[in-house]
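**Q** The structure's right below; bear with me while I get my questions together.
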Amino acid sequence: MEKEYIGEFEELVLLLIVMLEEEAYGLAIRNALKEQADRTVTIGAVHGTVNRLEKKGFIQSRLGGATELRGGRRKRLFTITAYGKKVLQKSHDVKVNLWNQIPELALNQI
Numbered sequence: 016m017e018k019e020y021i022g023e024f025e026e027l028v029l030l031l032i033v034m035l036e037e038e039a040y041g042l043a044i045r046n047a048l049k050e051q052a053d054r055t056v057t058i059g060a061v062h063g064t065v066n067r068l069e070k071k072g073f074i075q076s077r078l079g080g081a082t083e084l085r086g087g088r089r090k091r092l093f094t095i096t097a098y099g100k101k102v103l104q105k106s107h108d109v110k111v112n113l114w115n116q117i118p119e120l121a122l123n124q125i
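Counting in my numbering, the sequence shown runs from 16 upward without gaps.
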């Protein structure tokens, strides 16, 4: 695959997919964005982002079982791929490297 970069929102969604594990579906991701990052977004923004991440090969999706609570609809569950983990780690490493080169902004001094 070609070299890919991820934006800040894509990175947040990827991190939440990893964090949510077996419960990583659209509404859970949206709720976690509010809870963990104080970001209020539409469900459409989440769906657009996961579709883009899946197209890039960073995540994969599968359909969960239908439930009565959801009117018989199935949840679309997301998991990160090995390629997604690699891109996420690269993004982390770049940021840590930059932070480490700016002593006056060291995390323990903020």
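Virtual Cβ for every residue (Gly too), placed ideally from N, Cα, C.
Mind checking who Ser76 pairs with in its DSSP beta bridge?
**A** On the sequence shown, position 61 is the one that residue 76 refers to. Looking at the DSSP assignment, Ser76 forms a beta bridge with Phe93.
**Q** Output the distance between the C-alpha atoms of Ala47 and Thr64, rounded to the nearest integer angstrom.
**A** Here residue 47 corresponds to residue number 32 of the sequence shown, with the count starting at 1. Here residue 64 corresponds to residue number 49 of the sequence shown, with the count starting at 1. Looking at the two C-alpha atoms, the distance is approximately 15 Å.
**Q** Could you tell me whether the segment 71 to 90 touches the segment 20 to 35, using the rule of 3 or more Cβ pairs below 8 Å?
**A** Touching, yes, given that three or more Cβ pairs across the two stretches are closer than 8 Å.
**Q** Output the residue ranges of the alpha helix (DSSP H) runs that lie fully inside the segment 35 to 79 and measure 4 residues or longer, sorted by chain position.
**A** Those alpha helix (DSSP H) runs which fall completely within the segment 35 to 79 and span 4+ residues are 41 to 52, 58 to 71.
**Q** With a threshold of 7 Å on Cβ separation, who are the neighbours of Thr55 within its own chain once the five nearest residues in sequence on each side are excluded?
**A** Against the sequence shown, residue 55 aligns to sequence position 40. So the list reads Lys49, once near-sequence residues are dropped.
**Q** Enumerate in chain order the residues of its own chain whose CB-to-CB distance from Val102 is below 7 Å, with the five nearest sequence positions on each side excluded.
**A** Against the sequence shown, residue 102 aligns to sequence position 87. Cβ within range, chain order: Glu19, Ile21, Phe73.
**Q** Among Asn115, Arg45, Ala60, which one has its Cα closest to the Cα of Asp53?
**A** Taking the first residue of the sequence shown as 1, we reach residue 53 at position 38. Checked all of Asn115, Arg45, Ala60; the closest Cα to Asp53 is Arg45.
**Q** Any idea if Val111 is buried or exposed, counting beta-carbon neighbours within 10 angstroms, 16 or more meaning buried?
**A** Position 96 of the sequence shown holds residue 111. With fewer than 16 Cβ atoms within 10 Å of its Cβ, Val111 is classed as exposed.
**Q** Hey, out of Phe93, Gln104, Ile117, His107, whose CA is closest to Leu35's CA?
**A** The residue labelled residue 35 in the question sits at position 20 within the sequence shown. Here the closest residue by C-alpha is Phe93.
**Q** When DSSP labels each residue in this structure, what does Tyr98 get in the three-state scheme?
**A** Translated into positions along the sequence shown, residue 98 becomes position 83. Correct three-state label for Tyr98: helix.
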